[in-house]
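Engineer:
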Amino acid sequence: MNYYVLACETGRESRNITLLKKTVERFMPGCHIEAYSPVRESREFCAKTWSMKVRPILPGYIIVISDSELWRIQKDIFMMSETCYGFLRNLDKSYELRGGDMDFARWIEDNQGFIRTSSVRYDNRGGLCPDQRITVLSGPLKDLKGRILSVYKGVRVTVEINFLNEVKRISLPIEIVERVGDEVTAEEKPSSDLNEKNEYR
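So in our numbering, spot 61 of the sequence shown is number 1256, and the numbers just go up one at a time.
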């Protein structure tokens, strides 16, 4: 499978996903394609009550997966909408994601573009805090390689990851289900295999 990132105007992701599928069907019939504008659950306190909201993870970006080389119709995709900016590409002019970027796109694909709450446990000495060792018990964070930067009221963590040659901070929901002792395992630090700068077409 080939993985791409399509850039578009923020707030127009859903519209461009629809147009993208129609464009691919027209110019590459029989091509398999998936596209996600990834979102996350967010537990928020409003009007004296907690509720789950859905918030975008990467505003203005669409993760695209296909069994075909979509870069061959890049110009048609770029022209499909005035709010579409085209595929991001590397300095060598290639469009397919590689290394850590591809791993992140696969993570989004595995979760079907919807990042739900993860359950974690942590060392009970001092509570949950940045850079503390934790164990992710379930949910999408179980597979994500990142570093916890901050914790908000025990319901959200800000995680630092490497994507598109940039360090990005993503706020993700958590659920504290168990406190444990010294047997907790350390969360892996982020790593990036992409050394080339991405740019717009």
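Heads up, the beta-carbon is just placed ideally off N, CA and C, and yes, glycines get one too. Note that the coordinates shown come from a computational prediction; the quantities given were computed from them, not determined experimentally.
Take serine 1232 and list the residues in its own chain whose beta-carbon comes closer than 6 Å to its own, dropping the five residues that flank it on each side.
Structural biologist: Closer than 6 Å at the Cβ level, and outside the excluded window around serine 1232, lie Glu1208 and Ile1257.
Engineer: DSSP on leucine 1283, reduced to helix/strand/coil?
Structural biologist: In the structure shown, leucine 1283 sits in coil (DSSP, three-state: anything other than H, G, I, E or B).
Engineer: How should serine 1289 be labelled, buried or exposed, when 16 other C-beta atoms within 10 angstroms of its C-beta is the threshold for buried?
Structural biologist: By the neighbour-count rule (16 or more Cβ atoms within 10 Å), serine 1289 is not buried but exposed.
Engineer: Looking at the structure shown, is lysine 1248 part of a helix, part of a strand, or coil, going by DSSP?
Structural biologist: The answer is strand: DSSP assigns lysine 1248 an E or B state.
Engineer: Beta-carbon separation of leucine 1265 and tyrosine 1347 under 8 Å?
Structural biologist: For leucine 1265 and tyrosine 1347, no; Cβs fall outside 8 Å.
Engineer: What did DSSP end up calling arginine 1238 once you bin it into helix, strand or coil?
Structural biologist: Looking at arginine 1238 - three-state DSSP - the assignment turns out to be strand.
Engineer: Can you name, in chain order, every residue of its own chain whose Cβ lies under 6 Å from the Cβ of methionine 1297, other than the five neighbours on each side?
Structural biologist: The answer, listed in chain order, is Tyr1198.
Engineer: State the DSSP-derived secondary structure class of glycine 1376, mapped to helix, strand or coil.
Structural biologist: Bear in mind that the predicted position of glycine 1376 carries a pLDDT of just 45, short of 50, making it unreliable; the figure below should be weighed with that in mind. Note: glycine 1376 maps to coil in three-state DSSP.
Engineer: What residue range is occupied by the uninterrupted beta strand (DSSP E) comprising asparagine 1301?
Structural biologist: A quick correction: the sequence has arginine, not asparagine, at residue 1301. Counting along the chain, arginine 1301 falls outside any beta strand (DSSP E), though it belongs to the alpha helix (DSSP H) covering 1294-1305.
Engineer: Per DSSP, lysine 1363 forms a beta bridge with which residues?
Structural biologist: Ile1356, per the DSSP bridge assignment.
Engineer: Taking the C-alpha atoms as reference points, what is the distance between valine 1350 and methionine 1274?
Structural biologist: One C-alpha to the other measures close to 42 Å.
Engineer: Mind checking which residues open and close the alpha helix (DSSP H) that includes isoleucine 1272?
Structural biologist: Residues 1269-1273.
Engineer: Please classify valine 1242 as buried or exposed, where buried requires at least 16 neighbouring CB atoms within 10 angstroms.
Structural biologist: The question names valine, yet the displayed sequence has alanine at residue 1242. Alanine 1242 comes out exposed.
Engineer: Just mark aspartate 1244 as buried or exposed, buried being the case when its beta carbon has 16 or more other beta carbons within 10 Å.
Structural biologist: Here the sequence assigns threonine to residue 1244, which means aspartate is not the residue at that position. Exposed is the call here.
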